[in-house]
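Enquirer: Under this note's numbering, residues 6 to 250 are what the sequence shown spells out, in order.
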Amino acid sequence: MAAGTGKTGAGENRTIPRHVAVIMDGNGRWAKKRGLPRTAGHAAGSENFRKIATYCKNIGMDYLTVYAFSTENWKRPPEEVGTIMRLLRRYLNEAVETMERDRIRMKVFGNVEALPEELRLLVAKTDEISSRYQGFQANICLNYGGRDEIVSAARRYARDLAAGVAPAELTEDLFSGYLYSAGIPDPELIIRTGGEQRISNFLLWQCAYSEFYYTDTYWPDFGPEELDRAIEAFNARDRRFGGIK
Ligand code: FPP
């Protein structure tokens with residue numbers, strides 16, 4: 006099915022985008038508003054990711070991609086980086102147990118080599134489990150940067166060039182195959198929570214024709230009803246892909 010045509014949920018006449026991507030912003034401010042440490046915001050954010058991923062699967066979406074940790078997030082205080090890594094470890098550990106039961110596929114997009122060893126092993130395990138199933142897939146961007154993704158794809162392509170591939174054979178489709186998102190349709194809808202309206206180095210190649218939805222809601226408060234509103238807004242958009250109607 007072509008990107009943008011999506012599926013229609015049972016008994017509904019809205020189009021569910023095949024692929025939705027989310028910049029989960031506002032965890033820190035959510036915690037501050039409640040007089041809690043920022044790390045409590047990340048814990049609430051992880052729980053919300055679980056809730057939203059389950060909802061996406063249930064409404065018939067194919068892919069959900071979330072920005073969990075960017076190549077720039079290493080600049081945060083070490084305690085905060087440590088908490089996010091611990092949450093990811095816990096989440097991936099639990100995911101390994103539940104993926105088999107729920108037949109959920111999960112991929113990590115990002116420079117995995119630079120992650121702590123325990124996380125790297127968990128990523129390898131979730132990859133292995135995912136290869137056995139078809140159906141809903143959650144992609145977690147971890148140590149991810151859009152420019153870094155394009156540069157590492159170019160590096161791998163350059164290796165193939167050196168091995169004899171002809172430059173004239175390079176097409177957009179072929180180059181896409183070198184990205185972390187190889188084989189996955191581009192996101193039709195990108196949501197950013199937390200009030201900012203910028204892309205922050207997220208899916209720079211893949212967002213070429215994405216629709217954007219911004220909300221002031223902090224990520225831990227972004228529930229299924231607000232995702233429904235974002236999908237409703239997406240349904241009202243006139244997507245022309247550079248053409249005319
Ligand atoms: C942005 O909020 C959020 C992050 C940089 C980290 C997101 C991480 C998680 C939700 C935890 C682990 C994820 C998964 C998939 C289990 P912010 O800290 O920039 O918030 P602020 O703008 O209010 O300070």
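Cβ atoms here follow ideal geometry from the backbone N, Cα and C, with glycine treated the same way.
Taking only the alpha-carbon atoms, compute the straight-line gap between Gly16 and Lys250 and give it to the nearest angstrom.
Expert: Mapped onto the sequence shown, residue 16 falls at position 11. Mapped onto the sequence shown, residue 250 falls at position 245. Reliability of the predicted coordinates at Gly16 is poor, the pLDDT of 48 falling under 50, and no value is obtained from them.
Enquirer: If you measure from the CB of Ile204, is any heavy atom of ligand 1 nearer than 8 Å?
Expert: Residue mapping note: residue 204 aligns to position 199 of the sequence shown, counting from 1. For ligand 1, not one heavy atom lies less than 8 Å from the Cβ of Ile204.
Enquirer: Are Val27 and Val71 touching if we call contact CB-CB under 9 Å?
Expert: As a position in the sequence shown, residue 27 is number 22, starting the count at 1. As a position in the sequence shown, residue 71 is number 66, starting the count at 1. Going by C-beta atoms, Val27 is nearer than 9 Å to Val71.
Enquirer: Could you tell me which whole alpha helix (DSSP H) segments of length 4 or greater appear in the segment 174-235?
Expert: Correct list: 177-181.
Enquirer: Where do the N-terminal and C-terminal ends of the alpha helix (DSSP H) with Leu92 fall, by residue?
Expert: Position 87 of the sequence shown holds residue 92. 83-107 is the extent of the alpha helix (DSSP H) around Leu92.
Enquirer: Would you check if the distance between the CB atom of Leu25 and the CB atom of Glu154 is smaller than 9 Å?
Expert: Residue 25 sits at position 20 when you count from the first residue of the sequence shown. Residue 154 sits at position 149 when you count from the first residue of the sequence shown. The amino acid occupying residue 25 in the given sequence is Val; Leu does not appear at that position. Not a contact, by the Cβ cut-off of 9 Å.
Enquirer: Have a look at Leu120 and Asn18 and give me their C-alpha separation to the nearest angstrom.
Expert: Numbered from 1 along the sequence shown, position 115 holds the residue referred to as residue 120. Numbered from 1 along the sequence shown, position 13 holds the residue referred to as residue 18. Answer to the nearest angstrom: the Cα atoms are 43 Å apart.
Enquirer: Can you tell me whether Val156 is buried or exposed, with buried defined as 16 or more other CB within 10 angstroms of its CB?
Expert: Residue 156 sits at position 151 when you count from the first residue of the sequence shown. Burial call: exposed.
Enquirer: Considering only DSSP beta bridges, list what Cys251 is partnered with.
Expert: Residue 251 cannot be examined here, being either before or after the span of the chain that is shown, 6 to 250.
Enquirer: Determine the closest residue to Gly50 out of Phe227, Gly248, Leu209, with distance taken between C-alpha atoms.
Expert: Within the sequence shown, the letter at position 45 stands for residue 50. It is Phe227.
Enquirer: I think Trp224 touches Asn32, with their Cβ atoms under 8 Å apart; what is that distance to the nearest whole Å?
Expert: For this step, residue 224 is matched to residue 219 along the sequence shown. For this step, residue 32 is matched to residue 27 along the sequence shown. The Cβ separation is near 6 Å, so the contact holds.
Enquirer: Between Gly46 and the rest of its own chain, which residues show a CB-CB distance below 6 Å, the 5 nearest in sequence each way excluded?
Expert: Residue numbering aside, residue 46 sits at position 41 when the sequence shown is read from its first letter. Closer than 6 Å at Cβ, skipping near neighbours: Asn32, Gly33, Trp35, Ala36.
Enquirer: Does ligand 1 have a heavy atom nearer than 8 Å to the CB of Gly126?
Expert: As a position in the sequence shown, residue 126 is number 121, starting the count at 1. Residue 126 is actually Leu in this sequence, not Gly. No, Cβ of Leu126 sits at least 8 Å from all heavy atoms of ligand 1.
Enquirer: Per the DSSP calculation, Val27 is bridged to which residue(s)?
Expert: Working through the sequence shown from its first residue, we reach residue 27 at position 22. Answer is Val71, Ile196.
Enquirer: Name the two residues that bound the continuous alpha helix (DSSP H) containing Asn63.
Expert: Residue 63 sits at position 58 when you count from the first residue of the sequence shown. Residues 43-63.
Enquirer: Using a Cβ-Cβ cutoff of less than 7 Å, which residues in the same chain neighbour Arg108 once the five nearest sequence positions on both sides are dropped?
Expert: Translated into positions along the sequence shown, residue 108 becomes position 103. So the qualifying residues of the chain are Tyr138, Gly140.
Enquirer: Within a Cβ cutoff of 7 Å, which residues of the same chain sit near Thr222, ignoring the five residues on either side of it in sequence?
Expert: Taking the first residue of the sequence shown as position 1, residue 222 is located at position 217. Contacts found: Thr198, Glu231.
Enquirer: By the three-class DSSP mapping on this structure, what secondary structure does Ser136 have?
Expert: Translated into the one-based positions of the sequence shown, residue 136 becomes position 131. In the structure shown, Ser136 sits in coil (DSSP, three-state: anything other than H, G, I, E or B).
Enquirer: Does the distance from the C-beta atom of Tyr149 to that of Phe207 stay below 9 Å?
Expert: If you number the sequence shown from 1, residue 149 lands on position 144. If you number the sequence shown from 1, residue 207 lands on position 202. Contact: yes.
Enquirer: Alpha carbon to alpha carbon, what distance is there between Ala173 and Asn144?
Expert: Here residue 144 corresponds to residue number 139 of the sequence shown, with the count starting at 1. Here residue 173 corresponds to residue number 168 of the sequence shown, with the count starting at 1. Taking the straight line joining both Cα atoms gives about 32 Å.
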